[in-house]
Amino acid sequence: MLNLKNLCFFIIITTFHVNMLTAQNLAPKVIDSLSKVSWGEVKNNNYVAFIKTQKYLLKESQKINYSKGISKAYFNIGISNKMVGDFSEAIKAFNNFKKCQYSKVRYDMLAEAERHIGDCYYQQNLFENAIDKFRSAIRIGKNSKKMENVINAINYNNIAGAIDGKSGDKDSVYHYITKAYYYINLAKDQIPDSDKYTLKSSIAINLGDIWNERKNQDSAAYYYTKALDYNKINDNVGTTMIINHHIGNFYLNNKKYKIAEEKFLVSIKLSSESKNIYVLRDNYKSILQLYKETENKKEYQKYSELYIKVNDIITLLEIKSKKASVDNIIQDKNEIFQQKTTKLYLIIGSILLLIILIALYVNYFHTKVKNGQNDIINSSKIQLENKRAIIEEKEQETERLKSMLNVAFDDVINLAKENSAHFFTRFQEVYPAFCENLLQINPNLVSSELKFCAYIFLNFSTKDIALYTFTSPKTVQNRKNSIRKKLNILSNEDIYKWIKNV
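Taking the numbering used here, the leading residue of the sequence shown gets 38, the next gets one more, and so forth.
The structure is reproduced here in structure tokens:
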């Protein structure tokens, strides 16, 4: 027999499917209900279904111009894509969220969006940029009095992690973790106890890691135990996954292999079910170290293959995500520059207006105050020069960023000439769409063929390709003919022009 909660869920989901079939517009209340209920898919680690639902709700909200529904759908799409490691789509969704009218007054959600983008940067080892985003979240959170302490706690905890990744400065890490703990205790009734204990558990994990690295095993064990105790109150699957990984490393460092293995296997199961590939990779790496130390060759071989597989997936995602992250960082810098420029123009306008008023004032009082007025005008001119210097400095910074993009092309050419093992990886970073377009034409192309097409795309002649890849010109020509067949390039068509236009 269905209980009331399950019955409500059944009614809402039924409404969802009926509307999909009949193509009727959903009412705002139904959209809100579906959005709330869909979080059950997250609790079941079904992020694919969750993203699908959110995209549907986004489409329905856009049909009726429902700003709240659009805003929350983008926000949820961002979170779910971040969880599965697709940072490019996550950043895109969060940026769309920030543009929504509803979002502009939801400072708590705006702060969270900044924090999630910071998480995306953090996972890609862009630690300095991640810290900037976490600090931005704290600044935005000051406008949300009800959630300010919670926002501070979460982001100071994240700053600690980013500093640890950037410089390993344990004193600074400890400083920010204690700030996080201070603010979560101030939060009181701002969030449910369950969420508060989840955050406390995360803070305790970080403290445990610090003491573990300092070889203070008693203190490390104390904080890991506290993390477990906090998590028991909420029983958060994601936190359970993280705790088991960190405690596994703790026991691995202390050569307690059996307990460490148990912890890693629990974390592997949970991270695999939730499709959290970054935690999954960390678990594989740790358990490989365990099996290496215990000389368990069978399990080492098994998890080596799993590690390579998930690492390849992450590498492909990071190629896509890295570009999106860099683009977003540049866009942020341009926006800051634009804001400062606008502010500067307002200052200059105000100064000019002030000069005009001063001139009228001087004309009215004649020579009596002329000298004093001249001093003010001279001071204003100095300020104008200083402001112009700031503008020139920012323009130079923009030009430097543009030149970095040009260096990337030269870098690819040099790697190709050196026949470097890093050539094809670097080529994909600079031209991410090229291989995708070729694979759409022929999905059966292998890596070596894609790499050969990259040489053609860079306009290397047959002789050059033979020289740099240590093969004969005849072999290169045969490979060109093979590529023509696989890509259906006509014999009378210039293969270089064809490849360039892909």
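Where is the CB? At the ideal position from N, CA and C, for every residue including glycine. As the structure is a prediction and not an experimental result, all values here were calculated from the model.
query, result
"Ordered list of alpha helix (DSSP H) runs contained in the segment 269 to 349, each at least 4 residues", "274 to 290, 294 to 310, 314 to 330"
"Cβ pair PHE494, VAL444 closer than 9 Å", "no"
"Among ILE350, ASN180, LYS306, nearest to ILE279 - alpha-carbon criterion", "LYS306"
"Sequence-distant residues of its chain with Cβ nearer than 7 Å to LYS357 (five each side left out)", "SER125, PRO469"
"Burial state of ARG318 (16 or more Cβ within 10 Å)", "buried"
"Through-space distance from LYS136 to GLY386, alpha-carbon basis", "29 Å"
"Backbone secondary structure at LEU58 - three-state DSSP", "Note that LEU58 scores 41 on pLDDT, short of 50, meaning its location in the model is unreliable; the coordinates nonetheless yield the value given after this. Residue state, collapsed to three classes: helix."
"Counted within 10 angstroms of its Cβ, other Cβ atoms place GLU97 as buried (16 or more) or exposed", "buried"
"Where GLU342 falls, given that 16 or more other Cβ within 10 Å makes a residue buried", "exposed"
"Pick from GLN227, LYS183, LYS216, ASP255 that is closest to GLY198, judged by C-alpha positions", "LYS216"
"Residue span of the alpha helix (DSSP H) that contains ILE502, given as start and end", "499 to 506"
"For GLU165, the first and last residue of its enclosing alpha helix (DSSP H)", "164 to 178"
"Integer Cβ distance of PHE461 from LYS488, believed to fall under 8 Å", "5 Å"
"Cβ neighbour criterion (16 or more within 10 Å) applied to GLN91", "buried"
"Residues near SER117 by beta carbon distance below 6 Å, same chain, minus five either side", "TYR84, PHE87, ILE88"
"Proximity below 9 Å, CB of LYS237 to CB of ASN186", "no"
"ASN81 - DSSP class collapsed to helix/strand/coil", "coil"
"Distance, ASN249 Cα to TYR211 Cα", "13 Å"
"Separation of SER528 from LYS329, as counted between CA atoms", "54 Å"
"Exposure label - GLU149; buried when at least 16 CB within 10 Å", "buried"
"For ASN481 and ARG521, the rounded distance between their alpha carbons", "14 Å"
"The segment 264 to 277 contacting the segment 288 to 299, beta-carbon criterion three pairs below 8 Å", "no"
"Distance CB(SER362)-CB(LEU163) smaller than 9 Å", "yes"
"N- and C-terminal bounds of the alpha helix (DSSP H) containing CYS157", "144 to 160"
"Counted within 10 angstroms of its Cβ, other Cβ atoms place HIS283 as buried (16 or more) or exposed", "buried"
"Residues near ILE128 in its chain [Cβ-Cβ closer than 7 Å; skip 5 each side]", "ILE154, CYS157, ALA361, SER362, ASN365"
"Expected contact under 8 Å - CB spacing of ILE177 and TYR219 to nearest Å", "Not really, about 20 Å apart at Cβ, beyond 8 Å."
"Three-state class that DSSP yields for ASP123 in the structure shown", "coil"
"CB of VAL303 within 9 Å of CB of THR262, strictly", "no"
"Separation of LEU325 from LEU524, as counted between CA atoms", "41 Å"
"Three-way DSSP call (helix, strand, coil) for ASN371 in this model", "helix"
"Exposed unless 16 or more other CB atoms sit within 10 angstroms - verdict on ASP169", "buried"
"Rounded Cβ spacing between LYS322 and TYR344 (contact assumed at less than 8 Å)", "6 Å"
"Beta-carbon gap between ILE200 and ALA174 smaller than 9 Å", "no"
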